[in-house]
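Notes follow once the structure below has been shown.
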Amino acid sequence: MQTNPHQARIAQIEEFINDVLKEDLRQLDQCLQQFNEEIMEYVQLKNTLETFQSNMKDGYKTQVNIGSNMFMQAKVKSDQMDKIMVNIGKDIYLSMSMKEAQQFSDVRVKILTKQADIVREESVKKRAQIKMALLAISEREKLLMDEQEEARRA
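Per our numbering: the sequence shown = residues 1 to 154.
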């Protein structure tokens, strides 16, 4: 039996959707998830710093892991809270004041949000490409059905 050109084209489009477009979409979604996680980390950093500044002017008590899940009580005095170490990326830490860390957090959130918006736009484009490809399949299937109907009549 001879393969119909419409059937062959439908198979090509389906293969393109599954192998290329859906894989691209999966990668974009992964990238977007990473951006969102980073944004949440910086927002959490900023909220924590604001909490320290507004509620813990005299310092605070905490428990510190000293190894092997053994904890020790510690007190951090307010004069020890003037500098913190912030991961600025690639596991590189920089000593910053609370205010600098908040500003850094704000800037990182803005940058990451813009990058996430670009990825989100690409994701929307990929979804539109998938819909267009599915429409193309639908049209091919209609042509195929019309041809089969004409062949039955003949």
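Glycine is no exception: its CB is placed at the ideal position from the N, C-alpha and C atoms.
Only residues of its own chain outside the window of five on either side were considered, and among them L25 have a CB closer than 8 Å to the CB of R127, listed in chain order. The beta carbon of I13 is closer than 8 Å to those of A133, A136, I137 and R140 in its chain, skipping five residues each way along the sequence. Per the coordinates, the alpha-carbon of V76 lies some 5 Å from the alpha-carbon of G59.
Scanning G67, F52 and S68 for the CA closest to the CA of K61 turns up F52. About 11 Å separates the Cβ atoms of L21 and S123, ruling out a contact at the 8 Å cut-off. The criterion of a C-beta distance shorter than 8 Å is satisfied by L28 and V119. Distances from the alpha-carbon of I130 to those of Q115, M145 and E15 put E15 closest. Residues of the same chain with a CB within less than 8 Å of the CB of E38, apart from the 5 flanking positions on each side, are R108 and L112 in chain order. As DSSP reads the structure, M85 sits in a beta bridge with S95. Around the C-beta of V86, 16 or more other C-beta atoms lie within 10 Å, and the residue is accordingly described as buried. Shown here for S78: same chain residues with a beta carbon closer than 7 Å to its own, the five before and five after excluded, namely K57, D58 and G59 in chain order. Only residues of its own chain outside the window of five on either side were considered, and among them none has a CB closer than 8 Å to the CB of R152.
Only residues of its own chain outside the window of five on either side were considered, and among them F71, M72, Q73 and A74 have a CB closer than 8 Å to the CB of Q63, listed in chain order. Take L49, set aside five residues on each side of it, and the residues of its chain with a beta-carbon closer than 7 Å to its own are M98, A101 and Q102, in chain order. Counted as a single uninterrupted DSSP element, the alpha helix (DSSP H) harbouring V43 occupies residues K22 to N55. Each residue's CA atom was taken as its position, placing K114 and M40 some 14 Å apart.
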